[in-house]
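Working notes for the structure below.
In the working numbering, the protein residues as written are 30 to 327.
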């Protein structure tokens, strides 16, 4: 097991002007995060587990030291069960301290020794070179794309960096619906970009390769096409899905207007469901990046 400092660095977890507090607003409720993951699984048209798609064909038998960035409740860690050597050890880093017990439980279910560091990902600046055989980032890299160079530095020469990210058009229907409601009710001006769009565009299938290219010689991509289908009777599952992500959708409006925005969103969504016999479909296409042969920078 590797020893390294766990001190917090700057209180930032997001690219550009997105502060730690915004991430915590969304992900601090562990139970809601689990519920949302279950909603995604239930309503996905792609029945393949993206974690298995990401790991397919990888030989992880020599991966002793593993790092998961933005680990949450260990969604990806749990999928490593039976794929690692007996002496494997995984380190999970997440800004939300409340994930500690859930992540350690995931490690136990996977049969992997682990530790949880409640810290901003910038803590990896303190890690030594070439420490990890496997680094994982599951739906989190768009919060810290500026850290890619450090990921390359701490990855072993024979290691692999696995990142699952959204496609640039992911959730476009929900984004468009939310924007229309907010514009129609005078809460934002036409042309306003929602924060969720800025977040996804920080690192997506569209620009991910160019961000990774200076740091890895070998970059492979796997497409994961998926749609979330909410039938007419599933309206409250869709609302629950939206509620979990609301800080990223509604950050552009004053706090005092959020409750009203929720009500308006639900009213308009109910009207849509009443008029539609097909329900509501949300694009959920993702991409897996597999990066190896880290480039040394002098």
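C-beta: ideal position from N, C-alpha, C; glycine also. Computed from a predicted model, the values in this text were never measured in an experiment.
- Write down the C-beta distance between residue 117 and residue 95 rounded to the nearest angstrom, noting that I regard them as a contact closer than 8 Å. 6 Å
- Task: Starting from residue 230, trace the alpha helix (DSSP H) both ways and give me its first and last residue.
- Result: 224–231
- Exposure of residue 136, with buried meaning 16 or more beta-carbon neighbours within 10 Å: buried
- Query: Over what stretch of residues does the alpha helix (DSSP H) that includes residue 265 continue unbroken?
  - Reply: 264–279
- Along the alpha helix (DSSP H) that carries residue 63, what are the first and last residues, could you check? Element bounds for residue 63: 59–72.
- Query: Once you ignore the five residues that flank residue 110 on each side, which residues in its own chain have a CB closer than 8 Å to its CB?
  - Reply: 138, 139, 140, 141
- Residue nearest to residue 115 in terms of C-alpha spacing, selected from 103, 165, 91: 91
- Query: Taking Cβ to Cβ, would you say residue 324 is nearer than 8 Å to residue 246?
  - Reply: yes
- Below 8 Å between beta carbons: does that hold for residue 259 and residue 61? no
- Per DSSP, residue 100 forms a beta bridge with which residues? Partner(s): none; residue 100 has no beta bridge.
- Item | Counted within 10 angstroms of its Cβ, other Cβ atoms place residue 70 as buried (16 or more) or exposed | exposed
- Alpha carbon to alpha carbon, what distance is there between residue 252 and residue 288? 37 Å
- Message: Using a 10 Å radius around the Cβ and a threshold of 16 neighbouring Cβ atoms, would you call residue 171 buried or exposed?
- Response: Under this definition residue 171 is a buried residue.
- 7 Å Cβ shell around residue 63 - same chain, five flanking residues per side excluded: A distance below 7 Å between beta-carbons, with the five flanking residues on each side excluded, links residue 63 to the following residues of its chain, in chain order: 102.
- Assigned secondary structure, residue 80 (DSSP; H/G/I helix, E/B strand, else coil): helix
- Query: Taking the alpha-carbon positions, what's the residue 254 to residue 193 distance?
  - Reply: 12 Å
- CA-to-CA distance, residue 244 to residue 74, given in whole angstroms: So the alpha carbons of these two residues sit roughly 34 Å apart.
- Assign residue 77 to one of two classes, buried (16 or more other C-beta atoms within 10 Å of its C-beta) or exposed (fewer than that). exposed
- Task: Let me know the alpha helix (DSSP H) ranges lying completely inside the stretch 174–230, each 4 residues or longer, listed in chain order.
- Result: 177–183, 201–213
- Confirm, please, whether the CB-CB distance from residue 122 to residue 148 is below 8 Å. yes
- Query: When you compare each of 300, 182, 225 to residue 157 by their alpha carbons, which one comes out closest?
  - Reply: 182
- Message: According to DSSP, residue 317 sits in a beta bridge with which residue or residues?
- Response: DSSP lists 193, 251 as partners of residue 317.
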